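S.K.: Once you know that position 216 of the sequence shown is 229 in the numbering used here, the rest is easy, because the numbers rise by one and skip nothing.
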Amino acid sequence: MSVLEQIGRPLGTHPSANPDVFFIEGSSEQGAGLACFASKPLENGQVVLRAQDPVASTVVAKFRKEVCAWCFHYTFGDILKFKLETPRRRGAAWFCSTSCRDNWRKLIGDVGWTAIAAFEDGLARSSKSGVSNTEDETCSLQDIETAWDNALKSGEKILATRRTKPRWVPPTATLTHDVDLDEARFSLSAFISFHNHPHTYDQVKRLVPTLKLYTDSRATLQGHIDIYLYMLSVLPLDSPIMRYVTPLHMVTVFTRDSGNSWGIWGLELAEELFAYCMYPTASYFNHSCAPNLSKERIGREYVFKAAREIPEKAELNVSYLGGAEKTLGFRERQERLLIKAIEEEMARTQKNKVGDGFRPARRGCE
């Protein structure tokens, strides 16, 4: 069975993370897909969901030294005092406190840390060349299928040679600046979660996938293949994480990313994106400019509460405008959402520069 045939959502019901409070089923709104509905009447202020540790997360390259990798606290330009270094003394993650550092290290475990250290140390070989100015192209489904099939064959050769020649360094162990390191780190964090908590893979697979990122951009497709081959080239051969470094797992994560990840934005910096996280349990709340749920981030946890009394079976929704809907008029709200949609489309059809902070639009503002 091909990769594209395997990435679809499994059939059947979608379990709620809090079934006593809400259930998930198809929305009556055109184009809305799945939605959440109240299982019973909800009181104003009642907690609907606590989405705790994200399945995948990353701090964008531009802010890695200024945004805590655990609680996402921003230092307003100051370099964070605490960090974890790889065996080659490359910074792997920065933190605002020793407790955040220790919590992050405990969560990923020894297996996760070994994989991250190998990934970061491998970047010392990365190409310093600039971003290619070659015009991007669209892809057909057959193009996508063929590209990943060829990548699988290349990956098998890389692994076979590494096993017989342990000191061999594959050419694919070097990344160019065309590759989005934010996406690479995001996917690795997902694979670590899949290893530490196997049920999270099923949670991610139940989210709505999109192939638009590939059909609109051959550069994005090639970038993800380069990430796949890079991980096969630098992660320890005996790492349990390697079982997830496959075209299927890569495509499953990337086709769920932009439409299901919550962005952590900095309003003080013209809404620049600091980090983004995937919380599968919170991905079924649709947008409304008059939401009946409030959303608050407390460190790495999102808390959703009833913003008013909600009747049984009413759809539960949040704002993707991060509170701006309270002060913006209808036209301004529509323009804000349109701008985010345009930015997302631009990001899908242009090659990203590593560290420039330009990312597809993510759900929600801080």
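Virtual Cβ for every residue (Gly too), placed ideally from N, Cα, C. Here the structure is a predicted model, which means the values were calculated and not measured.
(1) Within 10 Å of its beta-carbon, does N365 have 16 or more other beta-carbons around it, so buried, or fewer, so exposed?
(2) Just checking, does the stretch 72-81 make contact with the stretch 104-117 on the three C-beta pairs under 8 Å criterion?
(3) Please state whether DSSP places S139 in a helix, a strand or coil.
(4) Roughly how many angstroms separate the alpha carbons of L62 and I323, rounded to a whole number?
(5) Report back the beta-carbon spacing between L172 and Y243 to the nearest angstrom; my notes put them in contact at under 8 Å.
(6) Taking the beta strand (DSSP E) that I205 belongs to, which residues open and close that run?
(7) Please determine, among L55, H190, P54, D66, the residue with the shortest C-alpha to C-alpha distance to A74.
(8) How many whole angstroms separate the CB atoms of V264 and V16, which I take to be in contact at a CB cut-off of 8 Å?
(9) What does the Cβ neighbour count give for K308, buried or exposed, with the cut at 16 atoms within 10 Å?
(10) Taking the straight line between their C-alpha atoms, what separation do you get for A354 and L286?
(11) Here's the rule I'm using: 16 or more other beta-carbon atoms within 10 Å means buried, otherwise exposed. How should W181 be labelled?
(12) Starting from I37, trace the beta strand (DSSP E) in both directions and tell me its first and last residue.
(13) Counting pairs of Cβ atoms below 8 Å between the stretch 150-160 and the stretch 224-244, do you hit three or more?
(14) Give the secondary structure of Y333 by DSSP, where H, G and I count as helix, E and B as strand, and everything else as coil.
(15) Quick check on this structure: which residue in L201, Q19, P184 has the alpha carbon closest to the alpha carbon of V124?
(16) Does the Cβ-Cβ distance between I205 and F85 come in under 8 Å?
(17) Please go through the stretch 90-143 and give each complete alpha helix (DSSP H) segment of 4 or more residues, from N-terminal end onward.
(18) Can you tell me where the beta strand (DSSP E) holding S307 begins and where it ends?
(19) Between which two residues does the alpha helix (DSSP H) containing Y227 stretch?
(20) Terminal residues of the continuous beta strand (DSSP E) containing W161?
(21) Just confirm the distance between the C-beta atoms of S52 and P28, as a whole number of angstroms; I'd bet it's less than 8 Å.
(22) For the alpha helix (DSSP H) that L248 lies in, which residues bound it at each end?
(23) Quick one: measure Cβ to Cβ for S70 and C290, integer angstroms, because I've assumed they're closer than 8 Å.
M.R.: Taking the geometry as given:
(1) Numbered from its first residue, the sequence shown carries residue 365 at position 352. A caution first: N365 carries a pLDDT of 36, below 50, which makes its placement in the model unreliable, though a value can still be read off. Buried.
(2) These segments touch.
(3) Here residue 139 refers to the residue found at position 126 when the sequence shown is read from its first residue. In the three-state scheme derived from DSSP, where H, G and I count as helix and E and B as strand, S139 is classed as coil.
(4) Position 49 of the sequence shown, counting from 1, holds the residue named residue 62. Position 310 of the sequence shown, counting from 1, holds the residue named residue 323. Their backbone Cα atoms lie some 15 Å apart in a straight line.
(5) Residue 172 sits at position 159 when you count from the first residue of the sequence shown. Residue 243 sits at position 230 when you count from the first residue of the sequence shown. At roughly 13 Å, the Cβ-Cβ gap does not stay under 8 Å, so L172 and Y243 are not in contact.
(6) Taking the first residue of the sequence shown as 1, we reach residue 205 at position 192. That residue, I205, is in no beta strand (DSSP E); its alpha helix (DSSP H) goes 194-209.
(7) For the purposes of this step, residue 74 is taken as the residue at position 61 of the sequence shown. Considering only alpha carbons, the answer is H190.
(8) Numbered from its first residue, the sequence shown carries residue 264 at position 251. Numbered from its first residue, the sequence shown carries residue 16 at position 3. With a Cβ gap of about 5 Å, V264 and V16 count as contacting.
(9) As a position in the sequence shown, residue 308 is number 295, starting the count at 1. Under this definition K308 is a buried residue.
(10) One-based indexing of the sequence shown puts residue 354 at position 341. One-based indexing of the sequence shown puts residue 286 at position 273. Because A354 sits at a pLDDT of 48, beneath the cut-off of 50, its placement in the model cannot be relied upon, and the following sentence gives the value as read from the coordinates. For A354 and L286, the distance between alpha carbons rounds to 15 Å.
(11) Here the question's residue 181 lines up with position 168 in the sequence shown. Burial call: exposed.
(12) Translated into positions along the sequence shown, residue 37 becomes position 24. Where I37 is concerned, the enclosing beta strand (DSSP E) stretches over 35-39.
(13) By the C-beta criterion, the stretch 150-160 is judged to be in contact with the stretch 224-244, since at least 3 inter-stretch pairs fall below 8 Å.
(14) Numbered from 1 along the sequence shown, position 320 holds the residue referred to as residue 333. Of the three classes helix, strand and coil, the one that applies to Y333 here is coil, per DSSP.
(15) Working through the sequence shown from its first residue, we reach residue 124 at position 111. Nearest C-alpha to V124: L201.
(16) For the purposes of this step, residue 205 is taken as the residue at position 192 of the sequence shown. For the purposes of this step, residue 85 is taken as the residue at position 72 of the sequence shown. For the 8 Å CB-CB criterion, I205 and F85 do not form a contact.
(17) Correct list: 111-135.
(18) One-based indexing of the sequence shown puts residue 307 at position 294. For S307, the enclosing beta strand (DSSP E) starts and ends at 306-311.
(19) As a working mapping, residue 227 is identified with position 214 in the sequence shown. For Y227, the enclosing alpha helix (DSSP H) starts and ends at 225-228.
(20) For the purposes of this step, residue 161 is identified with residue 148 of the sequence shown, where counting begins at 1. Counting along the chain, W161 falls outside any beta strand (DSSP E), though it belongs to the alpha helix (DSSP H) covering 154-177.
(21) Taking the first residue of the sequence shown as 1, we reach residue 52 at position 39. Taking the first residue of the sequence shown as 1, we reach residue 28 at position 15. About 13 Å separates the beta carbon of S52 from that of P28, a gap too long to meet the 8 Å contact definition.
(22) By 1-based counting over the sequence shown, the position of residue 248 is 235. Neither: L248 is in no alpha helix (DSSP H) and is coded neither H nor E.
(23) Residue mapping note: residue 70 aligns to position 57 of the sequence shown, counting from 1. Residue mapping note: residue 290 aligns to position 277 of the sequence shown, counting from 1. Confirmed, Cβ separation roughly 4 Å.
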